[in-house]
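Novice: So that we are looking at the same thing, I have put the structure below in structure tokens.
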Amino acid sequence: MIKLLVCCHKESEKGDDLLVTVKAGAALKRNDAQFDFNDDDGENISLLNPAYNEMTVLYWAWKNYDKLGDPDYLGLMHYRRYFYFDARREDVRLRTKVPKELFREKSLLSEEHLELLLNHGVFLCPRPSKRWSVYKHYALTHHIEDLDAAISILKEIAPDYAQAADEYLAGKESFFFNMFVFPKEIFFRYAEFIFPILERYADERGLSERMFVSERLTGIFIHQLIREKKTPVYLPVLYREGTLKERVSAYFSEWKQGKGLKAKARAAARLFLHRRKESKRI
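Written out as structure tokens, the structure is:
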């Protein structure tokens, strides 16, 4: 059985036997949209979503795997970014609304087709983006001190990944979006690798900004799998951007709500971290 999580923030619709929609940051803001699950159901870190972003959905899946039916494979996509399940294609951008049935047909989204792809490799991931070195790209787009801190933590608590980290950061192929389809055992290994690093990172660096380091840690994990001769199948990404009117409306809506939601999120995160520290003392 294969389950593909779709990380959602706003309006969505329920999935089906293959797609599973999960509301990210549900503990911070509920709405009337229908989802298959909320990421604050069961053991979770939903309150930390403004910093962790889609990682709160992955944490929820890790800690509540049985609620998904204990699938053999688990994947993650986003409500605006999906895998295009045709390895021959380039990335695709949709700027018009497409009916769900037509979208599935054109993107080759079916469990049968996924099984065929997985016959050619151990896992699925986005086709790598080739540009500057991963380290230089991060330095140009974010605060390099954050990545340095994350790698220092990695080398301390996950030293088996140290060589993969050095190779990946020096290389020019980046795996973005935290998207993948992993066998169950690799997904659990991934979660056990990345979340202790992010937890320690949050303690040391705080939660005032998004953890862009998570994408680089995921890339390091994928690179380690490749070093272990676990064959990937690279897939293009399909971007569902919506019409120009929808994109402009969404931008101003997010900008208008941003200050209040971020302030609420910071307060919730402080409370979450305080409770965690208190529980560790017991």
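With my numbering, letter number 163 in the sequence shown gets 678, and the count goes up by one each step, no holes. Yeah, the Cβ is synthetic: ideal placement off N, Cα and C, and Gly gets one too. Note that the structure is a prediction, hence the values are computed from the model and not measured.
(1) Using 10 angstroms around the beta-carbon of Leu631, count the other beta-carbons present and answer buried if the total reaches 16, otherwise exposed.
(2) Would you check if the segment 737-754 and the segment 591-604 touch, i.e. whether three or more CB-CB distances between them fall below 8 Å?
(3) Return the chain-ordered list of same chain residues with a C-beta closer than 8 Å to the C-beta of Trp577, the five sequence neighbours on each side being excluded.
(4) Once you ignore the five residues that flank Leu593 on each side, which residues in its own chain have a CB closer than 6 Å to its CB?
(5) In whole angstroms, what is the alpha-carbon distance linking Asp661 and Gln678?
(6) Could you please give me the residues that DSSP links to Ser644 through a beta bridge?
(7) For His628, which residues from the same chain have a beta carbon less than 7 Å from its beta carbon, with the 5 sequence-adjacent residues on both sides left out?
(8) Taking the continuous beta strand (DSSP E) assigned at Thr536, which residues delimit it?
(9) Report the option in Phe638, Val607, Tyr683, Lys745 whose CA atom is closest to the CA atom of Tyr754.
(10) If you draw a straight line from the alpha carbon of Ile659 to that of Ser689, how long is it in whole angstroms?
(11) Are at least three pairs of beta-carbons, each pair with one atom in the segment 558-568 and one in the segment 536-549, less than 8 Å apart?
(12) Nearest by alpha-carbon distance to Ser667: which of Leu583, Ser644, Glu719 is it?
(13) Would you mind giving the Cβ-Cβ distance between Phe638 and Leu740, rounded to the nearest angstrom? I have them listed as a contact below 8 Å.
(14) What does Leu520 pair with, by DSSP beta-bridge criteria?
(15) Return the residue from the list Val728, Glu724, Lys518 that minimises the CA-CA distance to Leu713.
(16) Comparing alpha-carbon positions, which option in Glu700, His652, Lys745 lies nearest Arg731?
(17) Extract the residue ranges of the beta strand (DSSP E) inside the segment 708-734, only unbroken runs of 3 or more that lie entirely within it.
(18) Is it right to say Ile737 is buried, meaning 16 or more other beta carbons lie within 10 angstroms of its own, or is it exposed?
(19) Specify the secondary structure class of Asn553 as computed by DSSP and reduced to three states.
(20) Just reading off the alpha helix (DSSP H) that Tyr650 is part of, what are its end residues?
(21) CA-CA distance, Leu722 and Leu563?
(22) Who pairs with Leu750 in a beta bridge, going by DSSP?
(23) Counting only the same chain and skipping the five closest in sequence on each side, list residues whose C-beta sits under 6 Å from that of Tyr597.
(24) In chain order, what residues of the same chain lie with their CB nearer than 6 Å to the CB of Thr733, ignoring the 5 residues before and after it?
(25) Quick check: what's the CA-CA separation for Lys529 versus Asp551?
(26) Whose C-beta lies closer than 7 Å to the C-beta of Tyr683 among residues of the same chain, with five residues either side of it excluded?
(27) Tell me which same chain residues have a C-beta within less than 6 Å of the C-beta of Lys745, skipping the five on either side of it?
Specialist: In brief:
(1) Label assigned to Leu631: exposed.
(2) Yes, they touch.
(3) Cβ within range, chain order: Phe702, Phe703, Ala706, Phe710.
(4) For the sequence presented, residue 593 should be read as His rather than Leu. Cβ neighbours of His593 beyond the five flanking positions: Cys522.
(5) Distance between the alpha carbons of Asp661 and Gln678 is about 19 Å.
(6) The partner list for Ser644 (beta bridge, DSSP) reads Ser689.
(7) Same-chain partners within the cutoff: Phe600.
(8) That run of the beta strand (DSSP E) goes 534-538.
(9) Of the candidates Phe638, Val607, Tyr683, Lys745, the one whose C-alpha sits nearest the C-alpha of Tyr754 is Val607.
(10) About 16 Å.
(11) A contact exists between the segment 558-568 and the segment 536-549.
(12) Distances from the CA of Ser667 to each of Leu583, Ser644, Glu719 were compared; the closest alpha carbon is that of Glu719.
(13) Between Leu740 and Phe638 the Cβ distance is about 7 Å, and since that is below 8 Å, they are a contact.
(14) Val535, Leu591.
(15) By alpha-carbon distance to Leu713, the top candidate from Val728, Glu724, Lys518 is Val728.
(16) That would be His652, whose Cα lies nearest to the Cα of Arg731.
(17) Complete beta strand (DSSP E) runs here, min 3: none at all.
(18) Buried is the call here.
(19) Here Asn553 carries a strand assignment [DSSP, helix/strand/coil].
(20) Under the DSSP assignment, Tyr650 falls in the alpha helix (DSSP H) whose first and last residues are 649-656.
(21) For Leu722 and Leu563, the distance between alpha carbons rounds to 8 Å.
(22) DSSP, once it has assigned bridges, lists Pro641 as partnering Leu750.
(23) Cβ within range, chain order: Leu753.
(24) Here the set comprises Asn693.
(25) One alpha carbon belongs to Lys529, the other to Asp551, and they sit about 5 Å apart.
(26) So the list reads Val649, Gly734, Ile735, His738, once near-sequence residues are dropped.
(27) So the list reads Val637, once near-sequence residues are dropped.
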